[in-house]
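Chains as they are written, first to last, in our numbering: chain A, -18 to 93; chain B, 623 to 733.
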């Protein structure tokens, strides 16, 4: 196991609602990256957090936002949920920004 | 055109077969290369990093051709437990460790 944990494991929301997903990084890792994986596709990079600051962002709208805490755990917030936001949300932790990334089990989000 | 392209398969092979997966990437500034394995409804797990000199880990061999922007994975003596989706992954240069994933290639090993 990677030591990366995510909560919750599953979530059902309705359109327009807001959601917060959580990730605890592997011990000693200071970088967390978030990915969205739609069914049948590879994961897509949302953003990365390093030492509590956003360190790069993919092609996602501003309603996707995040935080990293002093203990390096992280949150992903999505506002105004849309049906297309239904996906597996993965977080990955790494020792530094360019080091190998290890993934958590993911949160499966369904938007109805 | 996708930045990392893979044949999605599925590849259906008998146990003991040798199977090869290929992947191409479009950004010549890419600096790190990986194969991840993903089981159904699970998270991706690092299978191996890929280097220009090629590298081998047991039954798995990975090759990188920077000139052709091409990455390969060879699995020898396939096992039932090798059944999974194999993701070709490219890392960008620069400060952000953004990983770019291919769509994945599905392998089904049959008895």
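Beta carbons are placed, not taken as given, at the ideal position from N, Cα and C, and that holds for glycine.
Contacts of residue i in chain A (Cβ-Cβ under 7 Å)
i: residue 718 of chain B; result: 29, 36, 37, 78
i: residue 665 of chain B; result: 71, 84, 85, 86, 87
i: residue 709 of chain B; result: 23
Run of the beta strand (DSSP E) containing residue i, from where it starts to where it stops
i: residue -14 of chain A; result: -14 to -12
i: residue 10 of chain A; result: Unbroken run through residue 10 of chain A: none, as it is neither H nor E.
i: residue 731 of chain B; result: 727 to 732
i: residue 666 of chain B; result: 666 to 671
i: residue 96 of chain A; result: What the structure shows of chain A is the stretch from -18 to 93, and residue 96 of chain A is not part of that stretch, so it cannot be assessed.
i: residue 713 of chain B; result: 706 to 713
i: residue 636 of chain B; result: 633 to 636
i: residue 659 of chain B; result: 654 to 660
Neighbour list for residue i in chain A, Cβ cutoff strictly below 9 Å
i: residue 723 of chain B; result: 16, 18, 22, 23, 24, 25, 26
Listed by chain order, chain B residues near residue i by CB distance under 9 Å
i: residue -14 of chain A; result: Chain B residues near residue -14 of chain A: none, gap ~11 Å exceeds 9 Å.
Counted within 10 angstroms of its Cβ, other Cβ atoms place residue i as buried (16 or more) or exposed
i: residue 709 of chain B; result: buried
i: residue 724 of chain B; result: buried
i: residue 10 of chain A; result: buried
i: residue 722 of chain B; result: buried
i: residue 57 of chain A; result: buried
i: residue 637 of chain B; result: exposed
i: residue 687 of chain B; result: exposed
i: residue 702 of chain B; result: exposed
i: residue -2 of chain A; result: exposed
i: residue 653 of chain B; result: exposed
Distance between beta carbons of residue j and residue i, contact taken as under 8 Å
i: residue 72 of chain A; j: residue -15 of chain A; result: 7 Å
i: residue 631 of chain B; j: residue 729 of chain B; result: 7 Å
Residue i: contacting residues in chain A (beta-carbon distance under 8 Å)
i: residue 669 of chain B; result: What residue 669 of chain B touches in chain A: nothing, since even the nearest Cβ is about 12 Å away.
Closer than 8 Å at the beta carbon, the chain B residues around residue i
i: residue 75 of chain A; result: 719
i: residue -10 of chain A; result: None at all; the shortest Cβ gap to chain B is about 11 Å.
### Query
In chain order, which continuous runs of the beta strand (DSSP E) of length 3 or greater are located wholly inside the region -2 to 49 of chain A?
Here the runs fully enclosed are 0 to 5, 12 to 18, 25 to 31, 34 to 38, 45 to 49.
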